[in-house]
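What follows is a short report on a single structure.
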Amino acid sequence: MIHLHDIRYVRLGTTDLAAASRYATDVLGLEVAHRSEHAVHFRSDGRDHTLCYFEGDPRDHTAAFEVDSSAELDQALEALAAAGYEVRRGRADEAEQRHVAEFINFRDPSGNSIDLVHAPHHSGRRFFPSRDAGITGFSHIGLRTLDAPRDEGFWTGLMSARVSDRIGVAPLLRIDEVHHKIALFPSAFAGVQHINHQVETIDDVMRAYYILQERGVRILFGPGRHPTSGAVFLYFVGPHDMIYEYSTGVRLISAQEEAGHRPRSFPAIPSSFCMWGSKPDIPEFRN
Ligand SMILES: [Fe+2]
10 MIHLHDIRYV RLGTTDLAAA SRYATDVLGL EVAHRSEHAV HFRSDGRDHT LCYFEGDPRD
70 HTAAFEVDSS AELDQALEAL AAAGYEVRRG RADEAEQRHV AEFINFRDPS GNSIDLVHAP
130 HHSGRRFFPS RDAGITGFSH IGLRTLDAPR DEGFWTGLMS ARVSDRIGVA PLLRIDEVHH
190 KIALFPSAFA GVQHINHQVE TIDDVMRAYY ILQERGVRIL FGPGRHPTSG AVFLYFVGPH
250 DMIYEYSTGV RLISAQEEAG HRPRSFPAIP SSFCMWGSKP DIPEFRN
C-alpha cells in the first residue's frame, strides 16, 4: 500500500504562458513563486508552489501527491513496477524544477500522469495573494477516468485513498481527513478535470461570482452547495478550458469517524452535485 500524505501540485502545459500566468494571478488570485523562461510556478498557501504552467501541450497535465519518506518513495516505485506500471525516477534537474527532494512519475490506469514526491519545499514567506480572493490553499482535483470502478480500485488498492461518497460511479476519494482530495469523473480521455482552491468563507464564493462575471469569466456551475462534502462552491473556466473551483466548508472525516464511515451513493443527477438547484454546465457532472 502506497501511503499518500497529501495532494501537492498540478502541472499544466500551455501554448500561451503569459496569458495563463495573467489568469492565475489576476483572475484566480495566486502568487507567482518562481518565473523562468519556460514555466511559472504559483503559490496558494504556505507551500513553495501548488500550480505550475509550463510551455507545452495544453493536454499535458500532471498531478502530484506527497509521500512521507525516501524509503516510501522507493517502495512505491517497486510496488508500481511489480503491478506492471511503467514508472520512472525523476532526474535531479527535474526534481529541482519541481522544488522537491526527489520524485517518481507514472500513469494511472486511465493514463493520467502522476508524480509522487518526497520532501517538497515549504516557503519561509506567507502566501501573498495577487487579488483578495480569500484563498486558503490548493485542496483537490477532479481527475478524468476511462473506467471509474477500475480506477477506484487502483487508487484505493495500490494507493491509500478511501471512498468518502459516490455520485453514480464517480468516487470522491480522501487521503486525509478532508472529504475528498481526488474525485474520479468518467470521461472519454485522461487529464485533470478540475482544480479546487479553498476560500475562507461563503462571502468569498459570492464575491467571486460577481467579480468573475464582471471580468467576463464564464461561470460553469454555482454558486451552490455539494450535498456530498457540504462545501459551498463556484466553478468557472480557465485557460485552455481547464475548470477551476473555489469552495469553502468541506466536510472533514475525523480519525474517530474514520472506522465507522460508509460511503453514500448519490444518483448521477444534478441534485447530487448541488442541493440548491444550480445546474452544471460541465459534461462530466452530467454523466
Ligand atoms: Fe471539486
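Read left to right, the sequence shown gives residues 10 to 296 (our numbering).
All C-beta atoms in this analysis are idealised placements derived from N, C-alpha and C, irrespective of residue type, glycine included.
Note that the structure is a prediction, hence the values are computed from the model and not measured.
(message) Can you tell me whether H58 is helix, strand or coil according to DSSP?
(response) coil
(message) Assuming contact is defined by CB atoms lying nearer than 8 Å, are T145 and D212 in contact in what I supplied?
(response) no
(message) Any residue with its Cβ nearer than 5 Å to a heavy atom of ligand 1 should be included. What is that list in chain order?
(response) Those residues that have a beta carbon less than 5 Å away from any non-hydrogen atom of ligand 1 are, in order along the chain, N205 and E254.
(message) Using only CA atoms, which one of S281, S139, A192 and I252 lies nearest to G233?
(response) S281
(request) Tell me whether F137 is buried or exposed, calling it buried when 16 or more other Cβ atoms sit within 10 Å of its Cβ. (result) exposed
(request) May I ask which residues mark the beginning and end of the beta strand (DSSP E) holding A90? (result) Note, A90: premise wrong, no beta strand (DSSP E); alpha helix (DSSP H) at S79 to A91.
(message) Suppose you measure from the CA of N121 to the CA of Y219; what does that come to, to the nearest Å?
(response) 34 Å
(message) I need the DSSP call for L229, collapsed to helix, strand or coil.
(response) strand
(message) Measuring straight from C-alpha to C-alpha, what distance separates V208 and R44?
(response) 25 Å
(request) Kindly indicate which three-state DSSP category V259 falls into: helix, strand or coil? (result) DSSP places V259 in coil when its eight states are reduced to three.
(message) Using a Cβ-Cβ cutoff of less than 6 Å, which residues in the same chain neighbour L60 once the five nearest sequence positions on both sides are dropped?
(response) Correct list, in chain order: V19 and F51.
(message) Under DSSP, the alpha helix (DSSP H) around G166 begins and ends at which residues?
(response) G166 -> alpha helix (DSSP H) spans A157 to G166.
(request) Indicate the three-state DSSP secondary structure (helix, strand or coil) for V36 in the structure shown. (result) helix
(message) Less than 7 Å between C-beta atoms, sequence neighbours within five positions excluded: which residues of the same chain meet that for H189?
(response) Closer than 7 Å at the Cβ level, and outside the excluded window around H189, lie H149, S173, L181, L182, R183 and S238.
(request) Tell me, please, whether the segment 71 to 78 touches the segment 125 to 144 by the rule of three or more beta-carbon pairs shorter than 8 Å. (result) yes
(message) Applying the 10 Å Cβ sphere with the 16-neighbour rule, what's the burial state of R175?
(response) buried
(request) With distances taken Cα to Cα, identify the nearest neighbour of T154 among D141, G166, A192 and L167. (result) Cα-wise, what sits closest to T154 is A192.
(request) May I have the straight-line CA-CA distance separating P262 from E46, to the nearest angstrom? (result) According to the sequence as given, residue 262 is Ile; it is not Pro. Rounded to the nearest angstrom, the two C-alpha atoms are 42 Å apart.
(message) So the candidates are I278, I291 and F147; which of them puts its Cα closest to the Cα of P236?
(response) Nearest option by C-alpha distance: I278.
(message) Which residue marks the beginning of the beta strand (DSSP E) containing A266, and which one marks its end?
(response) Note on residue identity: the sequence assigns Glu, not Ala, to residue 266. Unbroken run through E266 is the alpha helix (DSSP H), A264 to E267; no beta strand (DSSP E).
(request) Indicate whether the contact test is met: 3 or more Cβ pairs, each with one atom in the segment 62 to 72 and one in the segment 155 to 162, closer than 8 Å. (result) The segment 62 to 72 makes no contact with the segment 155 to 162: fewer than 3 CB pairs, one atom from each, lie closer than 8 Å.
(request) Work out the CA separation of T165 and G93 for me, nearest whole Å. (result) 17 Å
(request) Excluding the 5 residues preceding and the 5 following P118 in the sequence, name in chain order all residues of the same chain whose CB lies nearer than 6 Å to its CB. (result) R159, D160 and F163
(message) Less than 8 Å between the C-beta atoms of A42 and H58, yes or no?
(response) yes
(request) State the DSSP-derived secondary structure class of R107, mapped to helix, strand or coil. (result) helix
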